[in-house]
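Here's the structure, in C-alpha cells; my notes come after.
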Ligand code: IMP
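Numbering (our numbering), first residue to last: 43 to 475.
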C-alpha cells in the first residue's frame with residue numbers, strides 16, 4: 043500500500059499548521075522533500091520531551107523510515123543547516139546521510155545576502171515588506187540574475203573562491219555605498235564557508251536522480267511546502283510576498299520531479315486567517331476580536347516571534363488558492379480556537395467584485411456571512427458526529443464555497459487531536475491509482 047506522491051501546501055499566508063499533516067503523512071512516505079523557501083519557514087518539533095524549531099531541515103526528519111531531501115528550489119543557509127544538525131545530535135538524533143540529502147543545485151545564502159536583506163528592509167522605512175531578514179529574497183535574486191552560488195560550488199574551495207572574487211566587489215559597493223556598512227573580504231567569506239562545507243559534504247548529492255529512482259521503485263514522495271499561497275512571488279499579494287513559488291506547481295521545478303509524478307495536492311487552511319509582515323489582508327480584525335484570536339490561537343511567528351495579524355476565514359481567497367494549487371483534498375486546522383466565539387464570520391467575496399480582485403486586494407472590502415458559534419470546547423471531538431451542529435455547519439459552509447472536501451479537521455495541537463472525516467491514508471492511497 044503506497045500513498046500518492048503528495049504536495050502539502052498552505053492556502054493562506056503561511057502558518058496554517060502544515061507540520062501536523064506532514065508529520066502524519068511522513069510516516070507513510072519514503073521521502074519528505076522541501077522544494078522552495080529556506081530558513082524563513084519554521085516548524086516546532088518535540089524531541090525527547092524538548093521543543094526545537096527547525097527552519098530548513100524537513101519536518102520528516104524524526105521519522106526513521108523517511109529520507110529527507112532539500113531540493114534544488116530551496117535556498118540553504120549552511121550555518122543554519124549545521125546548527126539544526128547539531129541541535130538534533132545534542133538530543134540523540136544524529137542525522138545520517140541515509141536520512142538527509144541536499145541538492146547540489148540548491149542555492150546558498152551567503153553572508154552578503156543576510157546583510158543586504160536587513161539593510162534593504164531598514165532603508166524601506168514605512169514601506170518595509172517585513173521579511174524575516176534571513177537573506178531569502180537576495181539569494182533568489184542572485185539565482186535569477188545568474189550570479190548565485192550553488193551548494194556544489196560551496197563544496198569546492200577553489201570554485202567558491204573564484205565565484206566570491208567575481209561577485210564580492212559588486213556586493214561590497216552596495217553594502218558600503220548604499221547602506222554605509224562594513225565591506226566583506228574574500229578570505230573571510232571563504233574561511234566562513236569551509237567548516238560548513240566540510241560538515242555538509244556527506245549529505246550533498248544529485249537529488250533529482252534520487253527522487254526518480256524512488257519513483258521507479260514506486261515509493262511515496264511527500265513534498266512539503268513552506269509559507270503559503272498568497273506569499274507566492276507570482277500569485278501572492280505582490281510585492282508583499284516571499285521570493286519563491288510556494289504554489290504546488292513549484293514542487294516540480296524545485297525538485298526535478300515531473301508533474302505526472304505528482305498525484306495529490308493537500309491544501310491546509312486555518313479556520314481563521316493570519317499573516318505576518320505587511321501587505322493586504324481583507325478580513326483582518328483590528329480590535330478585540332483579532333486580539334482574542336491571537337491569544338487563543340498562540341499566533342506568534344515560529345521564526346521571528348512576531349505577533350501575527352489575525353482575521354476571519356476568507357473563503358473567496360481560499361477558493362482562489364484551490365484553483366492555483368489544483369487542490370484535491372483539504373485539511374482545516376485550529377477549529378478548536380473558534381470555540382469561544384458567539385458569532386463567526388466567513389468572507390464569501392468582496393464588495394462590487396464579480397471575480398477575485400488579485401490586483402486590488404488592498405482596497406477590497408469583504409462581504410461576510412454570519413454564522414452562529416458553538417460556544418464549547420471541541421478539542422475532544424474525534425468523529426464528525428462529536429462536533430456540535432454549529433461547528434458542522436461552519437465546516438460544511440466552507441466546503442461548499444471552496445468546492446473541495448475537508449478530509450481532516452484539527453481540533454488541538456496534539457497529533458491525535460483531529461477529526462477524521464475520511465481515512466487520509468486510504469484516501470491518498472486511492473489517489474495514487
Ligand atoms: P522573506 O521570505 O523573509 O523574504 O519574507 C517575505 C514575506 O513572507 C514576509 O511578509 C514574511 O513575514 C513572510 N514569510 C516568510 N516565511 C514565512 C513563513 O514561513 N510563514 C509566514 N510568513 C512567512
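For glycine and all other residues, C-beta sits at the position ideal for the given N, C-alpha and C.
Computed from a predicted model, the values in this text were never measured in an experiment.
With contacts defined by Cβ atoms closer than 9 Å, residue 308 and residue 47 do not form a contacting pair. The nearest non-hydrogen atom of ligand 1 is less than 8 Å from the C-beta of residue 269.
With a minimum length of 3 residues, the unbroken runs of beta strand (DSSP E) contained wholly in the region 58-92 fall at 73-76, 85-89. Counting along the chain, no beta strand (DSSP E) covers residue 219, and no H or E run does either. Close CB contacts of residue 279 within its chain, under the 7 Å cut and outside five residues either way in sequence, are with 272, 321, 322, 403 (chain order). Take residue 248, set aside five residues on each side of it, and the residues of its chain with a beta-carbon closer than 7 Å to its own are 146, in chain order. For the set 188, 153, 264, 138, the Cα lying nearest the Cα of residue 101 is the one of 264. Excluding five sequence positions before and after residue 283, the CB atoms of its chain that fall closer than 6 Å to its own CB belong to 273, 275, given in chain order. Here residue 123 has 98 as same chain residues with Cβ atoms under 6 Å from its own Cβ, once five neighbours each way along the sequence are excluded. For residue 449, the CB contacts under 7 Å within the same chain, skipping 5 residues up- and downstream, are 371, 372, 373, 463, 464, 466, 469 in chain order. When rounded, the separation of the alpha-carbon atoms in residue 361 and residue 389 is 11 Å. Distances taken from the Cβ of residue 319 to the heavy atoms of ligand 1 include one shorter than 8 Å. Between residue 121 and residue 96 the beta-carbon gap is near 14 Å, outside 8 Å, which marks them as no contact. C-alpha of residue 356 to C-alpha of residue 315: approximately 7 Å in a straight line.
Judged by DSSP in its simplified three-state form, residue 264 adopts strand. Pairing residue 191 with residue 411, the inter-Cα distance amounts to about 50 Å. Residue 306 has its alpha-carbon roughly 15 Å from the corresponding atom of residue 73. Contact check between the region 135-146 and the region 237-256: three or more CB pairs, one atom from each, fall below 8 Å, which counts as touching.
When rounded, the separation of the alpha-carbon atoms in residue 116 and residue 85 is 16 Å. DSSP, reduced to helix, strand and coil, places residue 179 within a helical segment of the structure shown. The beta strand (DSSP E) runs of length 3 or more contained entirely in the region 370-444 are, from start to end of the chain, 371-375, 385-392, 408-414.
Counting the other Cβ atoms within 10 Å of the Cβ of residue 58 gives 16 or more, which makes it buried.
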